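J.:
In full-length UniProt numbering, the protein residues as written are 1 to 313.
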């Protein structure tokens, strides 16, 4: 997907501090010239105007400093939609300024509110764009036959607004806090996992070993496969293993559903130094939790706390 943010020339006044400093300096320069020409009385008359101006600019800078807040909804503009499979698309939204980044902790989500049948529906999506991406963020949404919210997004056109709030979620991660991460993901459950992968892989001092089992129905359903394969190729501590229920004839990886034997064969052991992360459909999550308990992981259930050894998104 073409990086629209890089195509637009940033407005330096969008940056909050520049939006105050530059106009204020110009204003003071004008006062100095006027005072020199007309006398000291002019500066006394101009000072109230100056302070009112600086106050207004400071308030405006504060208002646009953060595009998405946890305490109120923000309306943001859709700028692009890219289809990545027969039923999945990536939606790009502009932040309020071209200098801002959506710097969420890994594993956190966005709340999205959309109008449906005279009311509102709220869903949770994980940004898949890097934290350092300036001026925009991306979310990936899979369409379902009965999914009203996904149908609403599919109908959107560039320029339309959508309401966001966040971040939400309680997953905790710190650099090198675990020796290994064992991850089981299914379908669009890969999106919060991608955040964590990006966090680890872009932190040079983080040497956490990551083992991912990613399950889908068909090969076409494997989301972001090129990105995952590239990560596995370039990052020496990351391995990904794919599982398909209905594979093509030339499929060489695992076939069927996630099993206990599959987890035992491709994931690290249930050591106190390791964590297990699970994100997928409800049925998959329940099965994986049962297998994890049999394999010795400290399972507390699907209502996970931020530092749990086994965390379900």
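From the three backbone atoms N, C-alpha and C, an ideal C-beta is built for every residue, glycine too.
These numbers come from a predicted model, not from an experiment.
(1) Taking Cβ positions, are residue 152 and residue 200 nearer each other than 8 Å?
(2) Could you check whether the stretch 299 to 306 touches the stretch 261 to 275, counting it as contact only if at least three pairs of C-beta atoms, one from each stretch, sit closer than 8 Å?
(3) For the alpha helix (DSSP H) that residue 261 lies in, which residues bound it at each end?
(4) Output the distance between the C-alpha atoms of residue 58 and residue 80, rounded to the nearest integer angstrom.
(5) What separation, rounded to the nearest whole angstrom, lies between the Cα atoms of residue 76 and residue 239?
(6) Helix, strand or coil, according to DSSP, for residue 145 in the structure here?
(7) For residue 176, name the three-state secondary structure that DSSP assigns.
(8) Which residues mark the beginning and the end of the alpha helix (DSSP H) in which residue 124 is found?
(9) For the putative contact between residue 366 and residue 215, defined by C-beta atoms under 8 Å, what is the C-beta separation to the nearest angstrom?
(10) Name the residue from 127, 234, 131 whose alpha carbon lies nearest to the alpha carbon of residue 99.
(11) If we ignore side chains and look at the alpha-carbon of each, how far apart do residue 286 and residue 196 end up?
(12) Can you give me the Cβ contacts of residue 307 inside the same chain, cut-off strictly under 8 Å, excluding the 5 residues immediately before and after it?
(13) Residue 87 to residue 140, Cα distance in whole Å?
(14) Would you call the stretch 243 to 258 and the stretch 223 to 230 in contact, with 3 or more CB pairs under 8 Å?
(15) What are the boundary residues of the alpha helix (DSSP H) that residue 234 is part of?
(16) With DSSP run on the structure shown, which of helix, strand or coil describes residue 311?
(17) Report yes if the CB atom of residue 122 is closer than 8 Å to the CB atom of residue 134, and no otherwise.
(18) Tell me residue 81's beta-bridge partners as DSSP assigns them.
(19) DSSP three-state call for residue 305: helix, strand or coil?
(20) Between which two residues does the alpha helix (DSSP H) containing residue 287 stretch?
(21) What three-state label does DSSP hand residue 255 in the structure shown?
(22) Which of helix, strand or coil does DSSP assign to residue 216?
(23) Using a Cβ-Cβ cutoff of less than 7 Å, which residues in the same chain neighbour residue 175 once the five nearest sequence positions on both sides are dropped?
(24) Helix, strand or coil: how does DSSP classify residue 113 here?
(25) Grouping DSSP H, G and I as helix and E and B as strand, with all else coil, what is residue 206?
(26) Using the Cα positions of residue 278 and residue 189, report the straight-line distance between them to the nearest angstrom.
T.: Working from what's here:
(1) no
(2) no
(3) 260 to 266
(4) Because the pLDDT at residue 58 is just 48, under 50, the model does not fix this residue reliably, and the value given afterwards should be weighed accordingly. Taking the straight line joining both Cα atoms gives about 31 Å.
(5) 36 Å
(6) coil
(7) coil
(8) Residue 124 -> not in any alpha helix (DSSP H); beta strand (DSSP E) instead, spanning 119 to 125.
(9) Any answer about residue 366 is impossible in this case: the structure gives the chain only from 1 up to 313.
(10) 131
(11) 22 Å
(12) 172
(13) 11 Å
(14) no
(15) 225 to 234
(16) strand
(17) no
(18) 91
(19) coil
(20) 282 to 294
(21) strand
(22) strand
(23) 203, 205, 206
(24) strand
(25) coil
(26) 8 Å
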